[in-house]
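Heads up, the thing below is written out as structure tokens.
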Amino acid sequence: MTEMPSESDSDRGQRDKITIMLADDHPLLRQALADILNKQADFEIIAEAGDGEEAVKLATELVPDVVIMDISMPKLNGLEATRQIKARCPNVAILVLTVHSDSEHILGILEAGAAGYLTKSVFGKEVINAVRGVASGETVLSAPILQQ
Numbered sequence: 001m002t003e004m005p006s007e008s009d010s011d012r013g014q015r016d017k018i019t020i021m022l023a024d025d026h027p028l029l030r031q032a033l034a035d036i037l038n039k040q041a042d043f044e045i046i047a048e049a050g051d052g053e054e055a056v057k058l059a060t061e062l063v064p065d066v067v068i069m070d071i072s073m074p075k076l077n078g079l080e081a082t083r084q085i086k087a088r089c090p091n092v093a094i095l096v097l098t099v100h101s102d103s104e105h106i107l108g109i110l111e112a113g114a115a116g117y118l119t120k121s122v123f124g125k126e127v128i129n130a131v132r133g134v135a136s137g138e139t140v141l142s143a144p145i146l147q148q
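148 is the number that this note's numbering gives the last residue of the sequence shown; the numbers go up by one with no jumps.
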């Protein structure tokens, strides 16, 4: 059995893979994202959540490098889930992947602590690049967001 690095390892560079949690209320989307991301040698999907409450619970327990978060979810929306995760685990990077492209949602989620914002109109390669970007401390916004 391989020993996992402890949570005290603040430098992700000490590990081989970027750990990722998916949070979206649509199982098909989570499955498709996992299929795309799992093809990357440096990515590891460690958990999936179907609602905001589950996302907060799992992120707090597992402390992934990146959470890919939808905004519209049952029980607790992605905005509030992002706030709670960032309050408990400030080093977790939140990458929003949503249908919402209005400035109210964008500003709200970025103020809550999200490191990136993509609309669901992006291609898989853009999600892959965004995960790597937010994991390394960058702020990532999809092209339609930047044009606003």
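Cβ atoms here follow ideal geometry from the backbone N, Cα and C, with glycine treated the same way.
query	result
Proximity of Leu-79 and Gly-108 at Cβ, strictly below 7 Å	yes
For Thr-119, the three-state DSSP class (helix, strand or coil)	strand
Status (buried if at least 16 other CB within 10 Å, exposed otherwise) for Val-140	buried
For Pro-74, the nearest candidate out of His-26, Gly-124, Val-127, Lys-125 (CA to CA)	His-26
Where the alpha helix (DSSP H) containing Thr-82 begins and where it ends	78 to 88
Proximal residues to Asn-77 (C-beta, below 8 Å), its chain only, five neighbours per side dropped	Gly-52, Ile-71
Proximity below 7 Å, CB of Cys-89 to CB of Val-63	yes
One or two residues paired with Ala-23 in a DSSP bridge	Ala-49, Met-69
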